[in-house]
Amino acid sequence: MNRVRPILIAIGVMLALTGGLWIGQGLGYIRWPQESFMLGQGEWADRGAFVAIAGLALILVARRLPRRR
């Protein structure tokens with residue numbers, strides 16, 4: 014149980030950063046090659062927002078866990 018908090022925070026940060034990357038691609042700030050198998054821009058922004066919110070929620074839940082002593 015002592016090692017759960019830092020692992021959850023690390024996973025939450027990775028999800029938040031991935032969601033931010035997908036939101037950037039969906040809004041047109043990040044350009045991928047045309048040959049790639051990308052979804053439409055609206056889908057990337059929607060899914061990126063969901064992943065980013067899930068990551069931030071995971072960070073908040075992990076911060077509520079007691080610290081290791």
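Position in the sequence shown (from 1) plus 13 gives the number in the working numbering.
Idealized CB from N, CA, C, for every residue including glycine.
Quick caveat: nothing in here was measured; it's all calculated off a predicted structure.
Check your understanding: How should A23 be labelled, buried or exposed, when 16 other C-beta atoms within 10 angstroms of its C-beta is the threshold for buried?
Key -> exposed
Practice item. Buried or exposed for I43, please, with buried defined as at least 16 other CB atoms from any protein chain shown within 10 angstroms of its CB. Key: exposed
Check your understanding: Going by the beta-carbon positions, is the gap between I72 and G37 smaller than 8 Å?
Key -> no
**Study point:** Close Cβ partners of R60 (< 7 Å) along its chain, the five nearest in sequence each way excluded
**Key:** W35
Practice item. Compute the Euclidean distance between the alpha carbons of A67 and R80, then round it to the nearest angstrom. Key: 22 Å
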